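Undergrad: Residue numbers (the numbering used here): 2 to 66. No residue lacks a Cβ here, since even glycine has one placed at the ideal position from N, Cα and C. If you're wondering where the values come from, they're calculated on a predicted model, not measured in any experiment.
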């Protein structure tokens, strides 16, 4: 299905946010996620279904100063 991931259109074979993260090689990475502007906690990713055209934001934590 076509999704917008961090502002870029991508074709991703996944039905859930957890599946999309795996398909995008994020696997067990520690990231924050949002779908259509709504934060999705890690514990809810497997249950969060996706639809054509959904906007996914994936943000990795940064360190430094």
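#1: Comparing C-alpha positions only, which one of 20, 8 and 46 sits nearest to residue 58?
#2: Determine the direct distance from the alpha carbon of residue 65 to that of residue 35, and round the result to whole angstroms.
#3: Output the distance between the C-alpha atoms of residue 40 and residue 62, rounded to the nearest integer angstrom.
#4: I'd like the span of the beta strand (DSSP E) that includes residue 33, first residue to last.
#5: Does DSSP classify residue 44 as helix, strand or coil?
TA: So, from the listed chains and residues:
#1: 8
#2: 24 Å
#3: 15 Å
#4: 33 to 36
#5: helix
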